[in-house]
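Participant:
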Amino acid sequence: MKKGEERVVSHFCTSYFILPTSYFLSMYPVNEIFYSLQGEGFNTGTASVFIRFSGCNLRCAFCDTEHESHTMMSLPQLVEEVMRFPNAPLIVLTGGEPALFVDNELIKALKMTGKTIAIETNGTRPLPDGIDWVTLSPKTVFQGGKALPCVLTRCDELKVVYTGQDLSQYDSIVAKHRFLQPCYVDNPRQRIAGLQATVAAVLNNPTWRLSLQTHKMLGIK
Ligand code: SF4
Numbered sequence: 027m028k029k030g031e032e033r034v035v036s037h038f039c040t041s042y043f044i045l046p047t048s049y050f051l052s053m054y055p056v057n058e059i060f061y062s063l064q065g066e067g068f069n070t071g072t073a074s075v076f077i078r079f080s081g082c083n084l085r086c087a088f089c090d091t092e093h094e095s096h097t098m099m100s101l102p103q104l105v106e107e108v109m110r111f112p113n114a115p116l117i118v119l120t121g122g123e124p125a126l127f128v129d130n131e132l133i134k135a136l137k138m139t140g141k142t143i144a145i146e147t148n149g150t151r152p153l154p155d156g157i158d159w160v161t162l163s164p165k166t167v168f169q170g171g172k173a174l175p176c177v178l179t180r181c182d183e184l185k186v187v188y189t190g191q192d193l194s195q196y197d198s199i200v201a202k203h204r205f206l207q208p209c210y211v212d213n214p215r216q217r218i219a220g221l222q223a224t225v226a227a228v229l230n231n232p233t234w235r236l237s238l239q240t241h242k243m244l245g246i247k
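Under our numbering, the first residue of the sequence shown is numbered 27, with each subsequent residue one higher.
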């Protein structure tokens, strides 16, 4: 046994692992963990366990996510919560900005569940290895503070909240799939106008596809 390791035997999905001490010491600020359908982008409709981390390094004017409150959770607690949904194929790390908190230990621990690991990130922070699906949603509209550059250059899906911006600014990002998503606003008239503008943008730029926040239409989380 290496120094710093404890021979703690655990089993997930009938496999056995030796867990490092950091597995028990690392703590993460978690806003909520819930089971629902992925509502947006390529994996729309996929049953997923969402881990929402608390806190973000941006202040987008259109942010509609309540992520400020949190509970500090250990990796064993996180894994236990995720395993309450054994049939869910997908874990979605979201926020806030999950890349402020996810690290190699967390990804290794979640891998033990046997589920696919996805992350939704604004791209301002590098990611640890081992994440199976990266949804990059760079933000170009900020409120207060200075704009942070997007440091990620590759992703599985690029999902852009469309507010009429020049799409050529995303040309250098390598992505398997490109989605434009209308910005959700409460005002129904503005919402329809935003949807129409996004549809028009996709028709004019057909390498992009339309993404809708279907969970909001369905009234689910
Ligand atoms: S990056 Fe996402 S979570 Fe952060 S402020 Fe912008 S919309 Fe909200």
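Glycine included, each C-beta is placed from N, C-alpha and C at the ideal position.
Between HIS241 and ligand 1, is the CB less than 7 Å from at least one heavy atom?
Facilitator: Flag unset: Cβ of HIS241 not near ligand 1.
Participant: State the Cα-Cα distance for the pair ASN231 and VAL160, rounded to the nearest angstrom.
Facilitator: Rounded to the nearest angstrom, the two C-alpha atoms are 22 Å apart.
Participant: Return the residue from the list PHE127, PRO112, GLN195, GLY65 that minimises the CA-CA distance to ASN83.
Facilitator: When only C-alpha atoms are compared, the closest one is PHE127.
Participant: Assign GLN169 to buried or exposed, taking buried as 16 or more other Cβ atoms, counted over all protein chains shown, within 10 Å of its Cβ.
Facilitator: Annotation note: pLDDT 47 at GLN169 (below 50); position unreliable, no value reported.
Participant: Could you say which of PRO55, VAL56, THR70 lies nearest to LEU244 if we only look at CA atoms?
Facilitator: Closest option to LEU244, Cα to Cα, is THR70.
Participant: Given 7 Å as the limit, tell me if LEU238 has its C-beta closer than that to any heavy atom belonging to ligand 1.
Facilitator: No, ligand 1 has no heavy atom inside 7 Å of this Cβ.
Participant: The beta strand (DSSP E) with GLN207 in it runs from where to where?
Facilitator: Counting along the chain, the beta strand (DSSP E) containing GLN207 begins and ends at 200–208.
Participant: Taking the C-alpha atoms as reference points, what is the distance between PHE50 and SER100?
Facilitator: Each residue's alpha carbon lies about 7 Å from the other.
Participant: So, under 8 Å CB-CB, LYS185 and GLY156 are touching, yes? Tell me the CB distance rounded to an integer number of Å.
Facilitator: Not quite, the Cβ-Cβ distance comes to about 21 Å (not below 8 Å), so this is no contact.
Participant: Would you mind working out which of GLY220, LEU116, GLN64 sits nearest GLY190, comparing C-alpha positions?
Facilitator: Among GLY220, LEU116, GLN64, the Cα nearest to that of GLY190 belongs to GLY220.
Participant: Applying the 10 Å Cβ sphere with the 16-neighbour rule, what's the burial state of SER117?
Facilitator: According to the sequence displayed, residue 117 carries Ile and not Ser. Flag for ILE117 reads buried.
Participant: Within 10 Å of its beta-carbon, does MET138 have 16 or more other beta-carbons around it, so buried, or fewer, so exposed?
Facilitator: It is buried - the Cβ of MET138 has at least 16 other Cβ atoms within 10 Å.
Participant: Rounded to whole angstroms, what is the Cα-Cα separation between SER163 and SER80?
Facilitator: SER163 and SER80: Cα-Cα distance of roughly 17 Å.
Participant: Restricting to runs no shorter than 3 residues, where is the beta strand (DSSP E) found entirely within the region 107–192?
Facilitator: Whole beta strand (DSSP E) segments, 3+ residues: 116–120, 142–147, 159–162, 180–188.
Participant: Is any heavy atom of ligand 1 found at a distance shorter than 7 Å from the C-beta of HIS96?
Facilitator: HIS96 Cβ: outside cutoff for every heavy atom of ligand 1.
Participant: Note the first and the last residue of the continuous beta strand (DSSP E) segment covering THR97.
Facilitator: Element bounds for THR97: 97–100.
Participant: Given a cut-off of 8 Å, decide if THR224 and TYR188 are closer than it, judged by their beta-carbon atoms.
Facilitator: Yes; because the gap between Cβ atoms is below 8 Å, this pair is in contact.
Participant: Could you say if the region 204–212 and the region 105–125 meet the contact criterion of at least three C-beta pairs nearer than 8 Å?
Facilitator: Flag = no, the region 204–212 and the region 105–125 do not touch.
Participant: Roughly how many angstroms separate the alpha carbons of GLY65 and ALA73, rounded to a whole number?
Facilitator: Straight-line Cα distance between these residues: approximately 10 Å.
Participant: Go through its chain and collect everything with a Cβ distance to ILE77's Cβ below 6 Å, but skip five positions before and after it.
Facilitator: Here the set comprises ILE59, LEU119.
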